[in-house]
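Sequences listed follow chains A and B, in order.
Here my numbering runs 3 ahead of the position in the first sequence, where the first position is 1.
Here my numbering runs 436 ahead of the position in the second sequence, where the first position is 1.
In this text, a Cβ means the ideal position worked out from N, Cα and C, and glycines have one as well.
Single-structure report; data block below.
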Amino acid sequence: MPPTGLEPARMNRKKGDKGFESPRPYKLTHQVVCINNINFQRKSVVGFVELTIFPTVANLNRIKLNSKQCRIYRVRINDLEAAFIYNDPTLEVCHNESKQRNLNYFSNAYAAAVSAVDPDAGNGELCIKVPSELWKHVDELKVLKIHINFSLDQPKGGLHFVVPSVEGSMAERGAHVFSCGYQNSTRFWFPCVDSYSELCTWKLEFTVDAAMVAVSSGDLVETVYTHDMRKKTFHYMLTIPTAASNISLAIGPFEILVDPYMHEVTHFCLPQLLPLLKHTTSYLHEVFEFYEEILTCRYPYSCFKTVFIDEAYVEVAAYASMSIFSTNLLHSAMIIDETPLTRRCLAQSLAQQFFGCFISRMSWSDEWVLKGISGYIYGLWMKKTFGVNEYRHWIKEELDKIVAYELKTGGVLLHPIFGGGKEKDNPASHLHFSIKHPHTLSWEYYTMFQCKAHLVMRLIENRISMEFMLQVFNKLLSLASTASSQKFQSHMWSQMLVSTSGFLKSISNVSGKDIQPLIKQWVDQSGVVKFYGSFAFNRKRNVLELEIKQDYTSPGTQKYVGPLKVTVQELDGSFNHTLQIEENSLKHDIPCHSKSRRNKKKKIPLMNGEEVDMDLSAMDADSPLLWIRIDPDMSVLRKVEFEQADFMWQYQLRYERDVVAQQESILALEKFPTPASRLALTDILEQEQCFYRVRMSACFCLAKIANSMVSTWTGPPAMKSLFTRMFCCKTCPNIVKTNNFMSFQSYFLQKAENGVVVLENQCLLRLVIELYCLPATCLQPLHPLILKMVVRKLDSCSTMPVAMALLRDVHNLCPKEVLTFILDLIKYNDNRKNKFSDNYYRAEMIDALANSVTPAVSVNNEVRTLDNLNPDVRLILEEITRFLNMEKLLPSYRHTITVSCLRAIRVLQKNGHVPSDPALFKSYAEYGHFVDIRIAALEAVVDYTKVDRSYEELQWLLNMIQNDPVPYVRHKILNMLTKNPPFTKNMESPLCNEALVDQLWKLMNSGTSHDWRLRCGAVDLYFTLFGLSRPSCLPLPELGLVLNLKEKKAVLNPTIIPEAIAGNQEAAVNPSSHTQLVGFQNPEDDHLAKEASCNISAHQQGVKRKADTPLGSPLEPGQILEKNEDSSKVKLKIRFSSSQDEEEIDMDTVHDSQAFISHHLNMLERPSTPGLSKYRPASSRSALIPQHASGSDGTPTTKPQWNMELARKATGKEQSPLEMSMHPVAAAPLSVFTKESTSSKHSDHHHHHHHEHKKKKKKHKHKHKHKHKHDSKEKDKEPFTFSSPASGRSIRSPSLSD
Amino acid sequence: MADAAATAGAGSSGTRSGSKQSTNPADNYHLARRRTLQVVVSSLLTEAGFESAEKASVETLTEMLQSYISEIGRSAKSYCEHTARTQPTLSDIVVTLVEMGFNVDTLPAYAKRSQRMVITAPPVTNQPVTPKALTAGQNRPHPPHIPSHFPEFPDPHTYIKTPTYREPVSDYQVLREKAASQRRDVERALTRFMAKTGETQSLFKDDVSTFPLIAARPFTIPYLTALLPSELEMQQMEETDSSEQDEQTDTENLPLHINTDDSGAEKENASVLQQNPSLSGSRNGEENIIDNPYLRPVKKPKIRRKKTSLLLTSPGLHVPCRADRR
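This is the structure we're talking about:
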C-alpha cells in the first residue's frame, strides 16, 4: 500500500486514461444518513451515518473520511468498535505564526492544509482504523459497514439554522435549517467521502417535528410518525449513484405546492408565501421541456424539488434532484422586474441538475466541463426565451467581464494540470491563492471561471456546430443513465463522471473534428487576446489595408494564432473575410468589392439582407467603406480596440443590425462628442425597433456627450424633449402619464381592432412575460417584435431620467431644469390605476436624484448644517425623507426604495451636502433588516470607512464579518471591502497598523475555517490591503523573530541544527515569546526572490532531518499517552468503553497537519514491530487521547510511533524519506507547532482537556501500570503547555522552509 | 256651591291660563274641556250628596275622570284600528268597557236615574288649527295607488332638489396637479406625524426636526414584509375599488380584467382548461390520482420497527431529545 504521499501523482497519471481510478483503496457503494434529532433551539443535530464500502486492496486497514465540525462519538465497523482520529488542519492554517504575516506563505500553507484532507487525493479529516478482527475479512475484499454516530452543535457552516425570535413554536416561527456551502461542503454536516467523484446510492432519514417537512435528495419513500406521534420521520431513497457533495437537506415548516403541470415536481416555501410560490414556479415546466427537448434526454431523477429559504448562502444551489433558492426570488404577479431574474435562476439550477448533479466530475480540474455545459445550455434557453438580441448581449457582457478580470488579475485557467510532486509548478503563480483546490479559490475567480467555461463551450460549438454539441451532451447523459441503472456494478458508475479527456474524446468521436488547438488555447492556458486594429484604404489598389496588432506581454494576455473573421460593410454590401493571424504578419490586405460609386442613389444591402437608404454625405468620398468589424461573432475571447473614423461608428450605430455592434459603436462614440454623434444617438434612442438595452446605453452615452459638448450644446437638456414626447401627456407636457399598465389581452384586442397600440412602461415587460407563458405557436410571428418594443419602452422610461441626471452645465452642476424635471416626474407619478407595482420605477427616480447631486461648494471646511443647505439639495432631501418614511408605513417589494434612498443619502454625504455620518447606515445594517437593505447600508459604511478613514467603522465591519448570523452578509462585507478597500498596499494610511494585520491574519488563519468562501474572501482582502509580501506597516523583523522562507534555509545550516533540536523543548515551553528561535535574520524584502530556489532542497533536507529525529528524541519509541476525551464526551465514552475493548484516538482539533499526515503514513502500515503492536493494544481499554490538547498532549501518541516508524524506515527502506518529500502536504502547514492559541475558543478546549484528562487517568491507572513512567513524564510537562517532542520536531520540519 | 267653587277654581285656573290663552288657541280648547269635566265632577258630587268639596279633591277626581275617559277613547281606537276601521263604533266602546271591567248592562239604568243633574253643554270652542307653514309650490297629489286617507305629500321643497350647475374641474393638468399635491401633502403629514410620535433618526445632528427619519426598526422576519409588502395590498384594494368605479368606462375590457385579476393559479387552471378542454372533465379525477409523496398521509408507526429500536439505542440521543421537547 503506497503512502498517501503518492496520491496526487496517481491522480495525474490517470489523465488521458479512459477509466477512472479512484484515489481511495475502497469503493463506497451505499450510504445511510440518519438524522434523528434536530433541535432548533440549540441549533444542534444528532444522527449517524452508515457507509457500505468494498475494499479494493487486500491490506486495507485505515479508512479516511471527510468530516468537519461534527462531533464523532463512536465508530463501528461491522459492529466492532473502531478507533479513529479526527484531525482537521484547515481549522488553523498556520500555527505559532504570530509574526509571519506573509500571504505567500499563508496561501501555500492553506493549499497544503486543504490537500491534506482532500478527498480527491484520498485524504480526509477522519481516519478510522479497521479493527484487527476484520483484517481477514478485508483481505477477502468483503464488504465493510462503517457506522458513525455524530452530532453537530451550533454549526457555523454547512448547515444554516434560521430561527426568528418571535413567539410560538418553531414551526409557527418559521424556523428552518438547510445545507449550504461552497463546492463540496457536505462534510460540514455529516461524515462522508466529500468528493464529487465518489458516487453511491443513498438512504436518508430525518426525524423532525410533526409540523415540519424535511426535504432532501432522492425520492420520499414514506413518512412515519414516531411512537409519541409528535415527530415524523422522512425516509428518502436515492437510487441513482450520487456524490455526497450533491446531497442536501432543508427542514422547515414549509408550505407544499405540487406543480400543476408536472406532479413529480414539488415546490416548498416558507409559511405565508404560497401565493408567491405559485406564481414564481408557474413557469418552471417550460424550462424542463426545453432542456429535455434539446438534450433529448429525460430529466434523470424521478422527482424534483425546489425549496425557497431565507438567509440563503447563494441565490441558487443545485443538488441531486433538488435545488435550494433564496426566498427573495419569490414574487407576486404584480412585480415585473423580478420575474426574468427569477426565471433565469430557475433555469440555471435546472441546467445544473443535468450537468453537475446527475453527471459529476472526476476531479477539480474537470470542473470547467460541467460549468461550461450547464452554462451553455442555460444560454440556449436564454436565447429561446429572451431572444437572440438578449442572448448576444449577454454573451458580450460575459466576454467583457472575463476579459476585464483576466487583464486585471492575470488569467483564469480552466483546466489546471499540476505537475506531480513539484509543488512549485504552479500554473497560476500570478495569483495570490492556489487554484489547485476549489476551496482555496477566490470567489470572484470562481465566478469568472464559470463565465469563461461557458464562453469556451460556445467557442467549441462554433467549431463543431450545435447539433454535434448537443449530440455530445446526449451521449454523456445516456452513458451516465445507463451506468446509473447498473445497481450492482458500482465500477460502472464512473461513467457518470465527466472528465476533460472524456469530454474531448466524445467531441472528436461525434464530430470528427480536431478541436485540440482550441482547447489548448482556451482551456489549458490562461489569458485572453488583446487586439489593436487600425486600417487604411488604398484607393489605387481598391484594397483595405488592415493592421492587427496583439499585446501578448501584459499579464492576462496570450498570443492568438489562427483564423479571425473580419466583416467589412461596403457600399455594395457586407462582406466577411477570414484572416489568418500568424506569428509575424500584422498587415492584411482585404480587397474591396465596391468602387466608390456614391453618386448613384442606391439602397445599401446590409448583412441580414435588408436594404436601406443611407445619407452618405458624412463619409469619405474616396472610400467605399462604411464600417469594419473585427471578430463580429465573438469567436475569440478577446478585447478589440479598433480605430475607425467617427462617421463610421455612427453608421455602424445606425445601420448595423447586430446589437453587439451597436453597443460597441456607442462605446466608441463617447470619444467623439460632436453634433453628429449626438444626432446618431438621439435617432437610435427614438427608434422603436432598436433593442432596448442598446437604447439604454445610448442614454448614458448621450449624457456623456452632452457634458463634453456643454459649451456648444443648444436646446433643452439632452433627452428631455424625447422623454416628454414618449412618456408625457400630450396636453400637458410637464406631466408624466399615469402608470396604466394594461393587460396583455387588452393589448392584443386593441391592436387587432384599430391597430393603435397604447403601451406604457412596465406593462410592456409584463407582456413579454406573459408571452413566455403562452404556447409559442400562437405568438410566433409577433414574438420578437413585441419583445423588443416592450422591454425597450419600459427601461428607457426610467433610464432616461437616470441618465439625464448625469448632465452637467458649464459650472459642472446639474442643470436646474433637469432637477425640476425629475422632481416633477416623482411628483406626478401616479400608480393608482396600475395593476403592477411601480416600486422599481420609483427607486430609479431616487437614483436619478442621487445622480444629479454635484459636490458642494464648501467654504473652508465649514460644518454642514441645515442653514447652509443648498436649496436644490433641500428639495432632494425632502423627497428622500418622504420616500424613506413612507417605506416604513407602506414598504415596497424587496424594499427597493429604501435601498435607493440609502444610496442617495450616502451620495449626499460624500458630496458634502450632509454631514458624513455612518450612524444611520449602521442602524440599517443590523441583523433583522431585509438583506438588500443591509447590503446597501453596509456598502455605505464601507465607503465611509474608505473616505473618512475611520478605524472605528472598520472594526465594526470586521466584527460583523466574524459575528453576523447570515453567511451571505459576511461574505458580502469582505467582498465590498475588497472592491472598495479603505487603503491598498501602496498607500499610506493611518488605518494600516499592526493590530489590523493581526486581526485579519487571525480571521483568515482560524476565524473563517467554517466557510471556504469566507476564508478566501478574507485572503482576497488581505491581498488587497497588504499585497503578497509582509505588510509594510509591520515593524522590521527582529533577529530571529520571524519565521520566514529564509529561516528554513537557516535551519538547514548545520551549525544551527543541533541548537534547533536542543531548543525544541524551550521553544515549546515558551511559545509566546518566539524569541528563542535563534537568530536567523534575513532582510525580509528579498526573501521572495529566493523562495523558489530554496524550496525543494529544503523539503528533502527537512525530511532527512525528520528521519533523524527519533535518534535525538527524548521519548521512547513505543510510548503512548493515555488520555481522555474532552469534557463533553466523557459520559459517552464511559458508556462505550465499559463494554468494549477499544483504542480510540480522537483528536477533533489536532491542528498540526504534519502530525496528522505523519500519523496517516503511520497508520497505513500494518503493525510489524513490537512498538506498533503496542500501539494497538487489545487489552488496553482506551488509548484516549485528548483533542489536540494544546498541541502537546495529542501529538505525542502519534509522534513517537511515527518517529519510530521513520526510524525503522530510515534503517530498513531507504526510499521512505523520498516518499515523504513527494508529499507536498507534509511540507507546508506543519510549520510551527507551538500553540499560542490565537482563538480564545481553542484555549478553552484546552482547559477542558486538562481537567478531564486527569480524572480519567486516575480511573484507568490500574490498567496501565506499564505506562507509569510515561505518566510521570507527562506530569512533568503539565505545567508547560507544550510538550517538547512534538513541537520540537515540527520546528525542524520542512514546513518551516516555506 | 260646590259647583261655584269648582267653577271658581276652574275659572281661576281659566284666568290664569287665560293670560297665556291669548297666545295659544290650543291650550284654550283643552282648558274649556277641562272646565266642563270639572262641572261634571261637581254635579256628580252634588248628586252623591256632598255639600262642598275641597278644591284639591275635585281636581283629583277630575284627573281620574279624564284618565278614565281617555283610556276608554284610546282603547276604543285600538279596537277599531284592529278591525281596520278608522272610526270607533259603539261596539268598540262596549268591548272596551267590558274589557275595563265595567258592567255595561248597568249603564241604561244609570242613565235613567231620577236624580241626575243636567249640565249645560260645554261652550263651543273651535278645534285649534295647526298653523300652515309657508307653502312653496304645489303639493303633489297622491298617485293613484296611494289611498286618499294617507297624509299628503310634504311641501315640494323638502324633497325636490334644486340642482345648481357649476363647471366641474375637468382640466387634466389641474386634476393631476391636485391629485399629486394632495397625495404628497397627505403623505408628508402622515410621515411627519409618525416621525413625531416615534423614534427618529436625523441626517443633521444639530437639527432633528427638519428632515425627521422614522427610525429603522429591525423585523423579526424581514423577508415577509419585503416579499409581501403592504404597499401592494393597498394597491390591490384600491385597484378593486377603482375597477368598480370604472366599470362603465371599461365595459369592453371587463371580461379581460377579470381574467387578469385572478391569481396566478387560477389563470393557470383557466389556461389549462382552455388548452385541453377535452381533458378538463377528467381533471378532477386526475387530481385525485396525483401521486406526490408529500401529499400522502403520514403513516402510523409500526409496532416493531427495526429502525426505531435502533434509533432508541443509539447513543447520545437522549440528552438533546429531552431538551427538544419544550
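Task: Those residues which DSSP pairs with A:Tyr302 across a bridge - done: Taking the first residue of the first sequence as 1, we reach residue 302 of chain A at position 299. DSSP lists no partner for A:Tyr302.
TODO: From the DSSP output, in three-state form, read off A:Glu689 for me.
DONE: As a first step, residue 689 of chain A is located in the first sequence; it is residue number 686 there, counting from the start. It is helical.
TODO: Decide if the stretch 190 to 206 of chain A is in contact with the stretch 163 to 170 of chain A; the criterion is three or more beta carbon pairs, one per stretch, under 8 Å apart.
DONE: no
TODO: Using a Cβ cut-off of 8 Å, pull out every chain A residue sitting near B:Lys641, in sequence order please.
DONE: Sequence index remark: in the second sequence, residue 641 of chain B carries index 205 (1-based). Simply Pro918 and Asp920.
Open item on the list: With DSSP as the reference, identify every bridge partner of A:Met325, one or two as the case may be.
Closed with: Taking the first residue of the first sequence as position 1, residue 325 of chain A is located at position 322. A:Met325 is bridged to A:Lys308 and A:Tyr322.
TODO: With 7 Å as the C-beta to C-beta threshold (strictly closer), list the residues of the stretch 595 to 621 of chain B near chain A in chain order.
DONE: Tyr608, Gln609, Arg612, Ala615, Ala616 and Arg620
TODO: Grab the span of the alpha helix (DSSP H) containing B:Val534 for me, first residue to last.
DONE: Within the second sequence, numbered from 1, the residue matching residue 534 of chain B stands at position 98. Taken as a continuous stretch (DSSP letters only), the alpha helix (DSSP H) holding B:Val534 covers Leu526 to Glu535.
- [ ] Output yes if chain A places a C-beta closer than 8 Å to the C-beta of B:Asn575; else output no.
- [x] For the purposes of this step, residue 575 of chain B is identified with residue 139 of the second sequence, where counting begins at 1. No, B:Asn575 does not count as interfacial toward chain A.
Task: Contact between the stretch 129 to 140 of chain A and the stretch 25 to 42 of chain A (3+ Cβ pairs under 8 Å) - done: no
Task: Status (buried if at least 16 other CB within 10 Å, exposed otherwise) for B:Met536 - done: Against the second sequence, residue 536 of chain B aligns to sequence position 100. When all chains shown are included, B:Met536 counts as exposed.
Task: Residues that DSSP places opposite A:Ser219 in a beta bridge - done: Residue numbering aside, residue 219 of chain A sits at position 216 when the first sequence is read from its first letter. A:Ser219 pairs with A:Leu252.
Task: Opening and closing residue of the alpha helix (DSSP H) in which A:Cys454 lies - done: Residue 454 of chain A sits at position 451 when you count from the first residue of the first sequence. Trp446 to Ile467 is the extent of the alpha helix (DSSP H) around A:Cys454.
TODO: Out of B:His466, B:Arg549 and B:Pro733, state which residue places its alpha-carbon closest to the alpha-carbon of A:Ala213.
DONE: Within the first sequence, residue 213 of chain A is the residue found at index 210, counting from 1. When each option's Cα is compared against that of A:Ala213, the closest is B:Pro733.
Open item on the list: Using the Cβ count rule (16 or more neighbours within 10 Å means buried), how would you classify A:Pro122?
Closed with: Against the first sequence, residue 122 of chain A aligns to sequence position 119. A:Pro122 should be labelled buried.
Open item on the list: With a threshold of 8 Å between beta carbons, is B:Glu517 in contact with chain A?
Closed with: To locate residue 517 of chain B, count along the second sequence from 1; it is residue 81. Not one chain A Cβ lies under 8 Å of B:Glu517.
Task: Neighbouring residues, chain A, relative to B:Thr633 (Cβ below 9 Å) - done: Numbered from 1 along the second sequence, position 197 holds the residue referred to as residue 633 of chain B. By Cβ distance, chain A contributes nothing, its closest Cβ being about 12 Å from B:Thr633, past 9 Å.
TODO: List the whole-angstrom C-beta distance separating A:Asn710 from A:Leu567, where the pair is believed to meet the contact cut-off of C-beta under 8 Å.
DONE: On the first sequence, position 707 is the one that residue 710 of chain A refers to. On the first sequence, position 564 is the one that residue 567 of chain A refers to. Their Cβ separation, rounded to whole angstroms, is 36 Å, which puts A:Asn710 and A:Leu567 out of contact at 8 Å.
Open item on the list: By alpha-carbon positions, which one of A:Leu589, A:Lys478, A:Ser620 and A:Phe257 ends up nearest to A:Tyr535?
Closed with: Here residue 535 of chain A refers to the residue found at position 532 of the first sequence. If we check each option's Cα against that of A:Tyr535, A:Leu589 comes out closest.
Task: A:Leu1031 beta carbon less than 8 Å from that of A:Leu106 - done: As a first step, residue 106 of chain A is located in the first sequence; it is residue number 103 there, counting from the start. As a first step, residue 1031 of chain A is located in the first sequence; it is residue number 1028 there, counting from the start. Cβ distance < 8 Å, so A:Leu106 and A:Leu1031 count as in contact.
Open item on the list: In chain order, what are the residue ranges of uninterrupted alpha helix (DSSP H) at least 4 long that sit wholly in the stretch 965 to 1011 of chain A?
Closed with: 970 to 982 and 997 to 1005
TODO: Grab the span of the alpha helix (DSSP H) containing A:Gln665 for me, first residue to last.
DONE: Your numbering for residue 665 of chain A matches position 662 in the first sequence. Where A:Gln665 is concerned, the enclosing alpha helix (DSSP H) stretches over Val662 to Leu672.
- [ ] Could you work out which residue in A:Thr1011, A:Met979, A:Ser1012 and A:Tyr954 is closest to A:Glu997 when comparing CA atoms only?
- [x] On the first sequence, position 994 is the one that residue 997 of chain A refers to. When only C-alpha atoms are compared, the closest one is A:Tyr954.
TODO: Consider the C-beta atom of A:Tyr654 and the heavy atoms of the ligand FAD; say whether any pair is separated by less than 7 Å.
DONE: In the structure shown, the ligand FAD is absent, as is every other ligand, since no ligand is present at all.
- [ ] Counting only the same chain and skipping the five closest in sequence on each side, list residues whose C-beta sits under 6 Å from that of A:Val268.
- [x] As a first step, residue 268 of chain A must be located in the first sequence, where it is residue number 265. Closer than 6 Å at the Cβ level, and outside the excluded window around A:Val268, lie Asp262 and Phe307.
Open item on the list: Measuring straight from C-alpha to C-alpha, what distance separates A:Glu548 and A:Val569?
Closed with: Counting from one through the first sequence, the residue named residue 548 of chain A turns up at place 545. Counting from one through the first sequence, the residue named residue 569 of chain A turns up at place 566. C-alpha separation (whole angstroms): 12 Å.
- [ ] Using a Cβ-Cβ cut-off of less than 7 Å, give me the residues of the stretch 723 to 743 of chain A that come near chain B, in sequence order.
- [x] Cys732, Thr734, Cys735 and Ile738
Task: Proximal residues of chain A, C-beta to C-beta of B:Glu623 below 7 Å - done: Within the second sequence, residue 623 of chain B is the residue found at index 187, counting from 1. Within chain A, the residues near B:Glu623 are Arg885 and Met889.
TODO: Give the DSSP-derived three-state secondary structure of A:Phe257 in the structure shown.
DONE: Position 254 of the first sequence holds residue 257 of chain A. DSSP places A:Phe257 in coil when its eight states are reduced to three.
- [ ] Output yes if chain B places a C-beta closer than 8 Å to the C-beta of A:Leu893; else output no.
- [x] Within the first sequence, the letter at position 890 stands for residue 893 of chain A. Answer yes: the Cβ-Cβ gap between A:Leu893 and chain B drops below 8 Å somewhere.
Task: Distance between A:Ile297 and A:Leu473 (C-alpha atoms, nearest Å) - done: Counted from its first residue, the first sequence places residue 473 of chain A at position 470. Counted from its first residue, the first sequence places residue 297 of chain A at position 294. Rounded to whole angstroms, A:Leu473 to A:Ile297 spans 7 Å at the Cα level.
Task: Residues that A:Trp959 bridges to, as DSSP identifies them - done: Residue 959 of chain A sits at position 956 when you count from the first residue of the first sequence. None, per the DSSP bridge assignment.
TODO: May I ask which residues mark the beginning and end of the beta strand (DSSP E) holding A:Trp367?
DONE: Taking the first residue of the first sequence as position 1, residue 367 of chain A is located at position 364. Neither: A:Trp367 is in no beta strand (DSSP E) and is coded neither H nor E.
Task: Own chain residues within Cβ distance below 7 Å of A:Pro818, not counting five before or after - done: Stepping through the first sequence from its first residue, residue 818 of chain A is reached at position 815. The answer, listed in chain order, is Pro720, Leu810 and Asp812.
Task: Span separating the alpha-carbon of A:Cys454 from that of A:Glu401 - done: The count along the first sequence starts at 1 and reaches residue 454 of chain A at position 451. The count along the first sequence starts at 1 and reaches residue 401 of chain A at position 398. Those two C-alpha atoms are separated by around 6 Å.
Open item on the list: Just to confirm, is the Cβ distance from A:Val501 to A:Ile607 under 8 Å?
Closed with: Reading the first sequence from its first residue, position 498 is the one you call residue 501 of chain A. Reading the first sequence from its first residue, position 604 is the one you call residue 607 of chain A. Not a contact, by the Cβ cut-off of 8 Å.
Task: A:Phe23 versus A:Thr299 - alpha carbon distance - done: For the purposes of this step, residue 23 of chain A is taken as residue 20 along the first sequence, with counting starting at 1. For the purposes of this step, residue 299 of chain A is taken as residue 296 along the first sequence, with counting starting at 1. Each residue's Cα considered, the two are about 26 Å apart.
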